[in-house]
Structure formats: C-alpha cells, structure tokens
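Trainee: In our numbering, the protein residues as written are 1243 to 1443.
Ideal Cβ positions, reconstructed from N, Cα and C, are used throughout, including at glycine.
In this text the structure is predicted, and so the values were computed from the model without any measurement.
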Amino acid sequence: MNEKLYKRAKRLIIINDILRYVGIIFTIIILLTPYFPEISFLLHNDSKKNTEQTELPNEITMAIKNGIDYLYIPAIGVSESIIEADNIGQVHERVWRRPKTSNPKDGGNTVLVAHRYATIGGNRASTFYHLPKLVAGDKIYVVWDGILYTYGVETTETVLPTEIAIESPTPDARLTLYTCTPLWTASHRYVVHAVPILPAQ
C-alpha cells in the first residue's frame, strides 16, 4: 500500500514539475512576443537595400494608377494603404490619416498614425513597430490622389499624449508620423517629423 502511495506521489511530483516548467516557458514566450518583430527585423533587415533602391515597388505604381492613398517607408518595411476613419479603432493594421489634419495635396501638416504593436507574433510591416528606427534623411513616400510625394525625415521626438500640438496646422508642407511608445505602457507618443525633399511626381 505504501509503495502504491509512493509511486502515485512520485507521479504527481513529476506532473507538477512538468506543469511548472511549461508554465515558465509559456510566461517567457508571452513576455518576449512583443519583441519577435525586432528579432525578425534584425535577421531579415533589408533596410539598406530598400533605401538605396532606385525603383519603387509595384504597390506604389498600382496605388498611383488606381488612386489609392498609400504610405511606403523602405527603411523600416512599411508598405500600407492610408485610410480615412472616425477613430483609431477602425485602423487595425493600416495607416490612419488623422481627421482634421491636412494632406500632401493641400500642403500644411499631414498627420499619419498607426499602431506600433497590435498583432501577437510576426513582423507586421503595416504597423509602426519600427518607427523609432528612422533617422534623419530616411525617405518616406506618400501617394495621395494618384500623386507621389517624397519626404525626408527631419527630426524625431517623444511626447506625452496630451501634447496635441504635433497635429497643429503648419504654414509649410510637412509630414508627421506618430505611434505609441514604449511597447508595454504606451504612455508616450513617438513622433517623426518629415519635410518634402522632391517635387511632387
């Protein structure tokens, strides 16, 4: 009888150990999941190649041809349509032009927003996960009403969500991109300011 109890207790201990290790592994995976896109970016970083390429991708050509508003940032792998929506809840993996801000055609301050991290696992290039990697001089392409506009990153900054001045109208043409930061708390906004570097094509 004692031997049976001993074997049963031993099995329970083994099962308990297995469950504990599984729980630890699962917890580690959950904690690391938001950083998977970072690992993917480091392993498959084509930013230099994309930045130096002279030909734009087919998506841009099709966007111009079909009049689709589109954002393309080769340095960080962003290639996604721009949508008009009432609130951020409708954005999902796309890029959102903030209501009441300008657009490239009219000049002034065009403000585009996207989630930094909205999908479990994988590198979602349609979001602004890698926005903080942009540096001065990186090119940003925007198709608006069938016309291609090219911008160059000028400055970056981190601000509080209450600092809505980043969306204020400006007398000069410029592009403002922003997303939440850091990944875990989204307590601030990471902002990229860009200016036209080439005439509209």
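Use the C-beta contact count for I1257: other C-beta atoms within 10 angstroms, 16 or more gives buried, fewer gives exposed.
Mentor: It counts as exposed.
Trainee: For N1435, which option in D1414, P1413, C1422 and T1398 has the closest C-alpha, if you only look at C-alpha atoms?
Mentor: The identity of residue 1435 in the sequence shown is His, whereas the question assumes Asn. Measuring from the Cα of H1435, the nearest candidate turns out to be T1398.
Trainee: Kindly give me the distance between the Cβ atoms of Y1312 and E1326, rounded to whole angstroms, as I take these residues to be in contact under 8 Å.
Mentor: At roughly 13 Å, the Cβ-Cβ gap does not stay under 8 Å, so Y1312 and E1326 are not in contact.
Trainee: Give the secondary structure of G1319 by DSSP, where H, G and I count as helix, E and B as strand, and everything else as coil.
Mentor: Looking at G1319 - three-state DSSP - the assignment turns out to be coil, as it is neither helix nor strand.
Trainee: In three-state terms, what does DSSP make of Y1432?
Mentor: Y1432: strand per DSSP, three-state reduction.
Trainee: For the 8 Å Cβ check, are there 3 or more pairs between the segment 1337-1346 and the segment 1372-1382?
Mentor: No contact exists between the segment 1337-1346 and the segment 1372-1382.
Trainee: Measure the Cβ-Cβ separation of Y1371 and Y1383 and say whether it is below 8 Å.
Mentor: For Y1371 and Y1383, no; Cβs fall outside 8 Å.
Trainee: Counting Cβ pairs closer than 8 Å, one from the segment 1413-1427 and one from the segment 1343-1351, do we hit at least three?
Mentor: Enough Cβ pairs lie closer than 8 Å, so yes.
Trainee: Tell me the DSSP secondary structure of T1249 in three-state form.
Mentor: Correcting the residue type first, residue 1249 is Lys in the shown sequence and not Thr. If DSSP states are grouped into helix, strand and coil, K1249 belongs with the helices.
Trainee: Would I1318 and V1385 qualify as a contact pair, given that the criterion is a beta-carbon distance under 8 Å?
Mentor: Taking 8 Å as the Cβ cut-off, I1318 and V1385 do not qualify as a contacting pair.
Trainee: Let me check one thing: in DSSP terms, what residues is N1300 bridge-paired to?
Mentor: For N1300, which the question treats as bridged, DSSP gives no partner whatsoever.
Trainee: Taking a contact to mean a Cβ-Cβ separation below 8 Å, would you say P1299 touches S1323 in this structure?
Mentor: Not closer than 8 Å, so no.
Trainee: State the Cα-Cα distance for the pair I1267 and I1260, rounded to the nearest angstrom.
Mentor: Cα-Cα distance, rounded: 11 Å.
Trainee: Name the one or two DSSP bridge partners that N1351 has.
Mentor: In the DSSP output, where bridge partners are listed per residue, N1351 has R1416.
Trainee: Assign I1270 to one of two classes, buried (16 or more other C-beta atoms within 10 Å of its C-beta) or exposed (fewer than that).
Mentor: Label assigned to I1270: exposed.
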